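Peer 1:
Numbering (our numbering), first residue to last: 1 to 906.
1) When DSSP labels each residue in this structure, what does residue 603 get in the three-state scheme?
2) Just to confirm the assignment, what range does the beta strand (DSSP E) spanning residue 801 have?
3) Taking only the alpha-carbon atoms, compute the straight-line gap between residue 541 and residue 600 and give it to the nearest angstrom.
4) Which term fits residue 708, buried or exposed, when burial requires 16 or more other beta carbons within 10 angstroms of its beta carbon?
5) Which of the three DSSP states, helix, strand or coil, is assigned to residue 464?
6) Is DSSP giving residue 193 helix, strand or coil here?
7) Residue range of the beta strand (DSSP E) that residue 373 falls in?
8) Using C-beta distances below 6 Å, list every residue in its chain close to residue 180, excluding the 5 sequence neighbours before and after it, in chain order.
9) I'd like to know if the stretch 776-787 and the stretch 712-725 are in contact, where contact means that at least 3 CB-CB pairs between them fall below 8 Å.
10) By the 10 Å Cβ neighbour count, where 16 or more other Cβ atoms means buried, how is residue 532 classified, buried or exposed?
11) Just curious, the beta strand (DSSP E) that residue 817 is in, first and last residue?
12) Is DSSP giving residue 764 helix, strand or coil here?
13) From 721, 676, 642, pick the residue whose C-alpha is nearest to that of residue 657; which is it?
14) Quick one: measure Cβ to Cβ for residue 253 and residue 312, integer angstroms, because I've assumed they're closer than 8 Å.
15) Considering only the alpha carbon of each residue, which of 43, 389, 236, 766 lies closest to residue 340?
16) State the beta-bridge partners of residue 348 as determined by DSSP.
17) Please classify residue 461: is it buried, with 16 or more other beta-carbons within 10 angstroms of its beta-carbon, or exposed?
18) Which ranges does the beta strand (DSSP E) cover as unbroken runs of at least 3 residues, wholly within the stretch 208-254, from first to last along the chain?
19) Among 495, 50, 392, which residue has its Cα nearest to the Cα of residue 343?
20) So the alpha helix (DSSP H) residue 517 belongs to, where does it begin and stop?
21) Can you give me the Cβ contacts of residue 162 inside the same chain, cut-off strictly under 6 Å, excluding the 5 residues immediately before and after it?
22) Could you give the first and the last residue of the continuous beta strand (DSSP E) run that contains residue 700?
23) Rounded to whole angstroms, what is the Cα-Cα separation between residue 381 and residue 403?
24) Residue 746: which of 632, 361, 437, 562 sits nearest, CA to CA?
25) Could I get the ranges of all uninterrupted alpha helix (DSSP H) runs contained in the stretch 394-445, with 4 residues as the minimum, in chain order?
26) Below 8 Å on the Cβ atoms is my contact criterion, and I expect residue 348 with residue 371 to pass it. Report the Cβ-Cβ distance as a whole number of Å.
27) Could you name the residues that DSSP lists as bridge partners for residue 485?
28) Give the C-beta separation of residue 509 and residue 490 to the nearest angstrom, bearing in mind that I take them to be a contact with Cβ-Cβ under 8 Å.
29) Alpha carbon to alpha carbon, how far is residue 47 from residue 17? Give it in angstroms, no decimals.
30) Let's see if you can read the secondary structure: which residues bound the alpha helix (DSSP H) around residue 315?
31) Can residue 75 and residue 62 be called in contact, C-beta distance under 9 Å?
32) With DSSP as the reference, label residue 469 as helix, strand or coil.
33) Distance check for residue 235 and residue 205, CA to CA, integer angstroms please.
34) Which class does residue 567 belong to by DSSP, given the choice of helix, strand or coil?
35) Which one of 488, 515, 511 has the shortest CA to CA distance from residue 496?
36) Quick one: Cα of residue 772 to Cα of residue 794, how far?
So, in structure tokens, the structure goes:
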């Protein structure tokens with residue numbers, strides 16, 4: 001009996017395996033083969049990517065065709081072709097001329113139409129409607145502008161719908177959520193706008209929902225919380241607001257939950273901890289607040305209860321919120337945690353070894369820009385082997401964290417601003433870093449010479465703001481970001497690698513010329529450098545004329561060196577240049593016309609050099625987007641060209657300490673940025689380096705209140721006009737008072753005449769005003785006393801007279817702000833008389849006024865005489881008036897006599 005059973009099983013196994021084998025080696029279905037052969041005839045394929053589509057050869061072996069392993073039906077058709085060119089994928093679209101071949105494919109069960117350009121096909125919806133049995137439909141990146149109404153074509157079997165990377169520019173239609181079999185929906189990166197549908201139909205089968213990278217601006221609709229089978233929810237990179245409802249705990253099947261880069265607010269939803277299957281939680285870059293401890297409280301299932309089970313959570317990302325409190329020790333119980341990111345929050349307190357007790361799987365620990373303190377033993381051996389450690393701004397020092405030596409797989413380290421002192425251990429330099437940030441500490445000593453060429457994978461190096469010394473040799477291996485600024489490095493500049501993207505060698509003691517580093521090596525090679533900071537060194541010689549090798553430059557800063565000569569002609573090729581800073585050198589010559597080709601400039605700072613000549617009109621015409629123009633302390637002369645009023649976006653205009661003459665242009669009211677003012681962050685000049693999320697902010701030097709200040713993070717708030725110490729004449733134009741967004745103004749040390757405009761009180765944000773050492777006359781406008789923002793005022797040494805207007809602001813300034821005038825009243829000690837004049841004027845003036853007629857009394861006498869004789873003439877020549885006057889007089893006299901008798905006076 002056993003033998004019979006064994007024989008039967010063997011026979012059944014033989015039949016099944018041979019039958020399966022015979023099916024698997026079958027060919028493509030004939031009708032589908034013919035349809036695909038017809039398709040090839042209608043495809044425009046200049047690169048011959050469909051060369052494998054050979055007639056007579058099994059279509060299942062053709063490129064881009066996927067067949068079912070058992071039935072041999074064509075189930076996927078990839079018409080877009082992707083090639084690999086180096087490390088970069090290149091996609092080629094194969095255009096289809098017509099779709100007459102499609103009816104023969106109507107029996108396909110699954111079909112993926114990927115990367116098909118349907119933008120010029122008017123009946124493409126009919127094409128899809130010929131395939132009503134589709135279970136999988138991908139129209140990814142097809143440049144569609146309208147969401148197809150598939151529901152009207154009875155797609156009852158559609159389970160997966162991918163419409164991502166299109167350009168719909170519309171809201172999500174409700175019918176999308178009424179597809180009865182829909183399991184997966186991807187509408188990401190398709191320019192969807194407006195609110196998500198408040199109601200949805202049958203979504204009980206939905207397991208994956210991706211609406212990321214759109215412009216949705218509603219709250220989360222309640223129907224999402226009812227999708228109990230939902231495994232993946234991605235709403236990131238939208239403008240979704242409001243709080244996350246506690247009903248989120250209903251999503252018991254969810255594993256991936258991403259709400260990052262939105263506008264969610266309120267406390268962290270601690271009920272998320274009940275989602276026991278959750279593996280990936282990303283709530284970063286929102287407005288969540290409250291204590292981070294709430295996410296790990298006793299109601300949370302993230303943490304094991306009595307170690308009976310372990311959490312499934314592998315990634316927890318909370319960066320860039322407003323979370324407060326301390327990091328709970330219970331986070332160390334998340335056995336499966338591989339990544340935790342709490343950067344850029346308001347956390348504080350102490351982190352000890354207990355916080356990492358059971359984090360054996362931890363690979364990425366990111367917690368920079370918090371106020372946490374790390375207290376661990378110098379002999380501590382962490383239970384994890386991390387790849388990325390980011391604890392910048394923690395209190396780590398003063399000793400170097402020796403536990404880093406135990407991390408054998410470390411690729412990225414950020415221990416910046418950690419209060420660490422002393423030398424960096426030799427063993428640390430041996431690590432094969434890709435990212436290294438030791439900046440803003442107190443490290444000393446030399447960087448080993450072999451380090452510069454040792455780390456071939458190093459893409460980011462920041463050693464700035466320390467006390468490292470020594471020379472920097474030729475560097476060929478480093479790439480992308482390289483910052484050695486604010487140290488004590490010396491010697492010649494190192495050779496610049498073609499791979500460097502950002503190079504910061506500022507505030508060191510590098511000496512010699514620029515040619516060796518920028519011109520003499522790899523002369524025929526184009527460099528990728530975009531940001532070059534060499535300010536505050538001892539560099540000398542001329543600026544080399546080899547900028548054609550650096551066409552991608554965005555920022556060029558050579559400030560505070562000893563460079564001579566003029567601006568080289570080859571700079572005309574820097575069409576991408578946004579910021580040019582040559583302040584405080586010894587550069588000479590006029591502004592070259594070649595600079596006019598750099599039309600993208602937002603900042604030009606040539607102050608404190610020896611440039612000469614007149615301002616060319618193209619300075620205003622070519623740089624209409626300019627925000628910062630500083631030409632102070634040079635030898636420019638001539639009249640200010642009216643074209644300067646074309647600078648509508650100018651915020652900082654500094655022409656001080658030159659030899660300009662003539663009038664202040666009456667068109668300055670066209671300087672729109674100074675009229676409207678700016679809000680914080682609205683016009684900051686920022687550069688975002690995408691690879692490592694580096695944000696570089698532009699700075700500007702502004703002289704105010706007698707001192708120079710550097711502005712960077714609040715640059716958008718600064719509006720300044722400085723034309724001091726020139727030979728400007730004429731009056732202050734009335735249009736000046738329309739610059740109601742101006743905060744700092746300095747017209748001192750010129751030859752300005754006339755009055756201070758009465759409308760100056762309309763400049764409500766004015767903080768500093770210096771009109772000293774001019775020839776301004778008349779009284780100080782009363783409106784000046786209404787400027788509550790004014791913190792600095794200097795009107796000294798003019799021809800102003802009269803009483804200083806009374807107001808809490810003006811009386812608070814020092815008397816030196818008004819000296820050298822004929823003024824009286826507080827804060828001066830000189831009192832004013834009732835007429836508002838100064839009684840303590842010179843005796844000579846009093847004597848000279850004695851012989852002058854007093855026109856007030858003369859006018860009064862003339863008025864009295866005319867009135868008296870006018871009445872008398874009427875009585876003399878008008879008989880009726882004369883009789884009425886006599887009767888009135890007699891009546892008044894008789895009445896007066898009666899009253900006097902009553903009173904007993906007569």
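All C-beta atoms, glycine included, are put in the ideal place defined by N, C-alpha and C.
Since this is a predicted model, take the numbers as computed values, not measurements.
Peer 2: Result, derived from the coordinates:
1) The residue labelled residue 603 in the question sits at position 603 within the chain shown. Looking at residue 603 - three-state DSSP - the assignment turns out to be strand.
2) Within the chain shown, residue 801 is the residue found at index 801, counting from 1. From DSSP, the beta strand (DSSP E) with residue 801 extends over 799-803.
3) Within the chain shown, the letter at position 541 stands for residue 541. Within the chain shown, the letter at position 600 stands for residue 600. The alpha-carbon atoms of residue 541 and residue 600 are separated by roughly 27 Å.
4) Start at 1 with the first residue of the chain shown, and residue 708 comes out as number 708. By the neighbour-count rule (16 or more Cβ atoms within 10 Å), residue 708 is not buried but exposed.
5) Within the chain shown, residue 464 is the residue found at index 464, counting from 1. If DSSP states are grouped into helix, strand and coil, residue 464 belongs with coil.
6) As a first step, residue 193 is located in the chain shown; it is residue number 193 there, counting from the start. Of the three classes helix, strand and coil, the one that applies to residue 193 here is strand, per DSSP.
7) The sequence position of residue 373 within the chain shown is 373, counting from 1. Residues 371-374.
8) For the purposes of this step, residue 180 is taken as the residue at position 180 of the chain shown. Same-chain partners within the cutoff: 156, 202.
9) no
10) As a position in the chain shown, residue 532 is number 532, starting the count at 1. Label assigned to residue 532: buried.
11) Translated into positions along the chain shown, residue 817 becomes position 817. No beta strand (DSSP E) holds residue 817; DSSP gives it neither H nor E.
12) For the purposes of this step, residue 764 is taken as residue 764 along the chain shown, with counting starting at 1. Correct three-state label for residue 764: coil.
13) Translated into the one-based positions of the chain shown, residue 657 becomes position 657. Ranking 721, 676, 642 by Cα distance to residue 657 puts 721 first.
14) Counting from 1 along the chain shown, the entry for residue 253 is found at position 253. Counting from 1 along the chain shown, the entry for residue 312 is found at position 312. Wrong, their Cβ atoms sit about 12 Å apart, outside the cutoff.
15) Taking the first residue of the chain shown as position 1, residue 340 is located at position 340. Of the candidates 43, 389, 236, 766, the one whose C-alpha sits nearest the C-alpha of residue 340 is 389.
16) Counted from its first residue, the chain shown places residue 348 at position 348. DSSP, once it has assigned bridges, lists 371 as partnering residue 348.
17) Indexing the chain shown from 1 puts residue 461 at position 461. When all chains shown are included, residue 461 counts as buried.
18) 208-210, 232-234
19) Here residue 343 refers to the residue found at position 343 of the chain shown. The shortest Cα separation from residue 343 among 495, 50, 392 belongs to 392.
20) Walking along the chain shown from the start, residue 517 turns up at place 517. Start and end: 515-518.
21) On the chain shown, position 162 is the one that residue 162 refers to. These residues qualify, in order along the chain: 138, 140, 186.
22) As a first step, residue 700 is located in the chain shown; it is residue number 700 there, counting from the start. First-last of the beta strand (DSSP E) with residue 700: 700-704.
23) Counting from 1 along the chain shown, the entry for residue 381 is found at position 381. Counting from 1 along the chain shown, the entry for residue 403 is found at position 403. Answer to the nearest angstrom: the Cα atoms are 6 Å apart.
24) Your numbering for residue 746 matches position 746 in the chain shown. With distances taken between Cα atoms, residue 746 lies closest to 632.
25) 426-429
26) Locating residue 348 in the chain shown gives position 348, counting from the first residue. Locating residue 371 in the chain shown gives position 371, counting from the first residue. Yes, they are in contact, since the Cβ atoms of residue 348 and residue 371 sit about 4 Å apart, within 8 Å.
27) What you label residue 485 is simply residue 485 of the chain shown in a count that begins at 1. For residue 485, which the question treats as bridged, DSSP gives no partner whatsoever.
28) Reading the chain shown from its first residue, position 509 is the one you call residue 509. Reading the chain shown from its first residue, position 490 is the one you call residue 490. Rounded, the Cβ-Cβ distance is 4 Å, consistent with contact.
29) Residue numbering aside, residue 17 sits at position 17 when the chain shown is read from its first letter. Residue numbering aside, residue 47 sits at position 47 when the chain shown is read from its first letter. Annotation note: pLDDT 34 at residue 17 (below 50); position unreliable, no value reported.
30) Position 315 of the chain shown holds residue 315. Looking at the DSSP string, residue 315 is not in any alpha helix (DSSP H); the run it does join, the beta strand (DSSP E), is 315-317.
31) Position 75 of the chain shown, counted from the first residue, corresponds to residue 75. Position 62 of the chain shown, counted from the first residue, corresponds to residue 62. Result no, Cβ atoms of residue 75 and residue 62 do not sit closer than 9 Å.
32) Stepping through the chain shown from its first residue, residue 469 is reached at position 469. The answer is strand: DSSP assigns residue 469 an E or B state.
33) Locating residue 205 in the chain shown gives position 205, where the first residue counts as 1. Locating residue 235 in the chain shown gives position 235, where the first residue counts as 1. Each residue's alpha carbon lies about 19 Å from the other.
34) To locate residue 567, count along the chain shown from 1; it is residue 567. Correct three-state label for residue 567: coil.
35) In the chain shown, counting from the first residue as 1, residue 496 sits at position 496. For residue 496, the nearest C-alpha among the options comes from 515.
36) The residue you call residue 772 lines up with position 772 of the chain shown. The residue you call residue 794 lines up with position 794 of the chain shown. Computed Cα separation, rounded: 6 Å.
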